[in-house]
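Each remark here refers to the structure printed beneath this line.
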Amino acid sequence: MTRNSQKIRFLRRHIPDFECEPGCHDCCGPVTASSEEMARLPMVSEEKRSTAFDALNCTYLGETGCTTYAERPLICRLFGTTPRLACPNGKRPDEMIDARIEQQVHGYFTEARHVLL
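All residue numbers for the sequence shown refer to the numbering used here, where the first residue is 11 and numbers rise by one.
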């Protein structure tokens with residue numbers, strides 16, 4: 011397991027989870043992910059990727075929401091857990107993300123090369 015994979019695993023465990031508004035996908039625009047996160051996601055065709063980008067959607071947004079929810083990137087997990095990325099529907103965990111963990115997530119974003127999904 012790579013150092014970045016270990017860091018991702020640690021951060022995932024420390025980002026609080028909450029229930030989204032059923033049917034909502036307001037935070038599912040194009041996002042970035044590291045190569046370690048991308049490796050956990052299924053490959054998609056260039057046509058599907060292009061269609062999603064044209065609609066300003068995430069490549070993995072399906073008819074009923076995120077098709078890769080369990081493996082979604084860190085940026086997706088951050089939505090709604092911090093005032094900086096607040097849910098437009100007011101959904102949130104009981105306790106917001108610890109400031110130190112959020113800082114570590116942002117540190118990872120600057121350390122690891124990310125690509126547009």
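Think of the CB as a built atom: it goes at the ideal place given N, C-alpha and C, for glycine as much as any other residue. Note that this is a predicted model, so its numbers are computed, not measured.
Residue i versus the options, residue with shortest Cα-Cα distance
i, options, result
"residue 89", "14, 26 and 11", "26"
"residue 119", "94, 93 and 83", "83"
"residue 24", "127, 111 and 123", "111"
"residue 48", "57, 15 and 117", "15"
"residue 34", "75, 65 and 104", "75"
"residue 30", "54, 18 and 79", "79"
"residue 65", "36, 97 and 18", "36"
Supposed close pair residue i, residue j - CB separation, criterion 8 Å
i, j, result
"residue 63", "residue 40", "6 Å"
"residue 81", "residue 127", "In fact, because the Cβ distance is near 12 Å, the residues do not count as touching under 8 Å."
"residue 212", "residue 61", "A query on residue 212 cannot be resolved here, the shown segment of the chain reaching from 11 to 127 and no further."
"residue 28", "residue 102", "6 Å"
"residue 87", "residue 22", "7 Å"
"residue 56", "residue 12", "At roughly 27 Å, the Cβ-Cβ gap does not stay under 8 Å, so residue 56 and residue 12 are not in contact."
Length of the line joining the Cα atoms of residue i and residue j
i, j, result
"residue 121", "residue 43", "12 Å"
"residue 125", "residue 67", "15 Å"
"residue 95", "residue 38", "12 Å"
"residue 99", "residue 91", "13 Å"
"residue 73", "residue 106", "29 Å"
"residue 108", "residue 59", "34 Å"
"residue 116", "residue 104", "22 Å"
"residue 114", "residue 85", "12 Å"
"residue 17", "residue 32", "30 Å"
In DSSP terms, what residue i is bridged to
i, result
"residue 124", "44"
**Request:** Report the residue ranges of all alpha helix (DSSP H) runs contained in full by the region 54–87; include only those spanning at least 4 residues, in chain order.
**Result:** 56–64
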